[in-house]
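Visitor: My questions all concern the structure below.
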Amino acid sequence: MICLVKFIIETQVRLEAIPTPGAILYNAIVKKVLSKPELQIAQEIVQKIKKGILIDVGSGTGFLSIEIAKRAPELEIYGIDLSRKMIEIASGNARGFKNVKFKLVNAVNLPFDNNSIDFIVSTGSFHHWKHPLKIFNECYRVLKVNREAWIYDGCYNPPNDEIVRLKRKYGFFKYCFFSQIQKLHGFKWEVYNTKIKRLLERTKFKKNFQMILADGWMKLVLGKSS
Numbered sequence: 287m288i289c290l291v292k293f294i295i296e297t298q299v300r301l302e303a304i305p306t307p308g309a310i311l312y313n314a315i316v317k318k319v320l321s322k323p324e325l326q327i328a329q330e331i332v333q334k335i336k337k338g339i340l341i342d343v344g345s346g347t348g349f350l351s352i353e354i355a356k357r358a359p360e361l362e363i364y365g366i367d368l369s370r371k372m373i374e375i376a377s378g379n380a381r382g383f384k385n386v387k388f389k390l391v392n393a394v395n396l397p398f399d400n401n402s403i404d405f406i407v408s409t410g411s412f413h414h415w416k417h418p419l420k421i422f423n424e425c426y427r428v429l430k431v432n433r434e435a436w437i438y439d440g441c442y443n444p445p446n447d448e449i450v451r452l453k454r455k456y457g458f459f460k461y462c463f464f465s466q467i468q469k470l471h472g473f474k475w476e477v478y479n480t481k482i483k484r485l486l487e488r489t490k491f492k493k494n495f496q497m498i499l500a501d502g503w504m505k506l507v508l509g510k511s512s
């Protein structure tokens, strides 16, 4: 298991666009390991919004976008990614769904009008962003007033009570696998509470953001106020 984790890390870490071998492997990993937490995220999103336009930033192989599309057929969903192979795999996975499309887009320049988007989500891509301040401010620009962006990324070295809870919920082996990936596929708990917090205080979301530890993810809730 550790060798597989090492390979994933070596092919993906710190690259904005995951290369073809990593994209293919990532597709398999999501189906086997990450599907349960992403299913929960999909369910939480459709409780929040059922109509309008949603962007999935760093949509990868499309698992989350497709699960949202299943649950909210009136949502218009755009998954964007920098990897051509990811877009190819996601588009294949989404065959038969009319309300989800995948596009090769750099999030530093979102192809959407000001105040046009109802919801933004991102899972597991924040740590790849080379220009996070620009991307956060682009999210702010395209969001409608009183709408939110939920940005999830890995959080390792969380408080001990959170580790115990995750092992009980997902099982020991899945938790160990997931936590090994997150060591170089996210940020430390302490980093979120220092550097990431200071970064958010420099964005246009500075007056309306929260950081919530949720199932091994750190969830950044960013609101656009009037």
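Residue numbers 287 to 512, in my numbering, belong to the letters of the sequence shown in order.
All C-beta atoms in this analysis are idealised placements derived from N, C-alpha and C, irrespective of residue type, glycine included.
From a predicted model like this one, the values you see are computed outputs, not experimental measurements.
1. Can you check which of these residues, K474, K455, L419, N401, is closest to K430 by C-alpha distance?
2. If you follow the alpha helix (DSSP H) that S345 is in, where does it begin and where does it stop?
3. Pick helix, strand or coil for D501, following the three-state DSSP scheme.
4. With a threshold of 16 other CB atoms inside 10 Å of the CB of G365, please say whether the residue is buried or exposed.
5. T409 and L361 - do their beta-carbons sit closer together than 7 Å?
6. Name the DSSP beta bridge partners of F388, please?
7. Pull up the distance between the alpha-carbon of L419 and that of K356, whole angstroms please.
8. Roughly how many angstroms separate the alpha carbons of C425 and F398, rounded to a whole number?
9. Of the choices F412, K493, I339, Y461, whose alpha-carbon is the least far from that of P444?
10. Can you determine whether any heavy atom of the ligand HEM sits closer than 6 Å to the C-beta of N395, and answer yes or no?
11. Which class does N313 belong to by DSSP, given the choice of helix, strand or coil?
12. If I follow the unbroken alpha helix (DSSP H) through I373, where does it start and stop?
13. Does N432 pass the burial test, meaning 16 or more other C-beta atoms within 10 Å, or should it be called exposed?
14. Which term fits D517, buried or exposed, when burial requires 16 or more other beta carbons within 10 angstroms of its beta carbon?
15. In the DSSP assignment, the beta strand (DSSP E) including K474 goes from what residue to what residue?
16. Sorted by chain position, which residues of the same chain lie with C-beta nearer than 6 Å to K337's C-beta, five sequence neighbours on each side aside?
17. For the candidate residues F459, S411, K416, V428, whose alpha-carbon lies nearest to that of I437?
18. Just the Cα atoms here: how many angstroms apart are A393 and V343?
19. Tell me, to the nearest whole angstrom, how far the beta carbon of I406 is from that of A435; I am working on the premise that it is less than 8 Å.
20. Please report the Cβ distance between D501 and Q326, rounded to the nearest whole angstrom; I am assuming they are in contact, meaning their Cβ atoms lie under 8 Å.
21. By Cβ distance, which residues of its chain are closer than 6 Å to A358, with the 5 residues on each side in sequence left out?
22. Quick check on S511: buried or exposed, where buried means 16 or more other Cβ atoms within 10 Å of its Cβ?
Guide: On the basis of the data shown:
1. Per the Cα distances, N401.
2. First-last for S345: undefined, no H or E at that position.
3. The three-state reading of DSSP puts D501 in coil, since its state is none of H, G, I, E or B.
4. Its Cβ being crowded by 16 or more others within 10 Å, G365 is buried.
5. Using a Cβ distance threshold of 7 Å, L361 and T409 do not count as a contacting pair.
6. Residue pairing by DSSP puts F388 in a beta bridge opposite G365.
7. Roughly 32 Å between the two C-alpha positions.
8. Those two C-alpha atoms are separated by around 10 Å.
9. Among F412, K493, I339, Y461, the Cα nearest to that of P444 is on Y461.
10. Here there are no bound small molecules, and the ligand HEM is not part of this structure.
11. Residue confidence is low: N313 scores 48 on pLDDT, short of 50, so the model does not pin down where it sits. Its coordinate-derived value is still stated next. Taken through DSSP and simplified to helix, strand or coil, N313 comes out as helix.
12. Per DSSP, the continuous alpha helix (DSSP H) segment holding I373 begins and ends at 370-379.
13. Exposed.
14. It is not possible to answer for residue 517, since the shown part of the chain is limited to 287 through 512.
15. Segment 472-474, the beta strand (DSSP E) holding K474.
16. Within the same chain, Cβ atoms closer than 6 Å to the Cβ of K337 are found at E360, the five residues on either side in sequence being excluded.
17. It is S411 whose Cα lies nearest to the Cα of I437.
18. Each residue's Cα considered, the two are about 7 Å apart.
19. Taking C-beta atoms under 8 Å as the contact rule, I406 and A435 qualify, at a distance of about 4 Å.
20. Confirmed, Cβ separation roughly 7 Å.
21. So the list reads V332, K336, once near-sequence residues are dropped.
22. Result: exposed.
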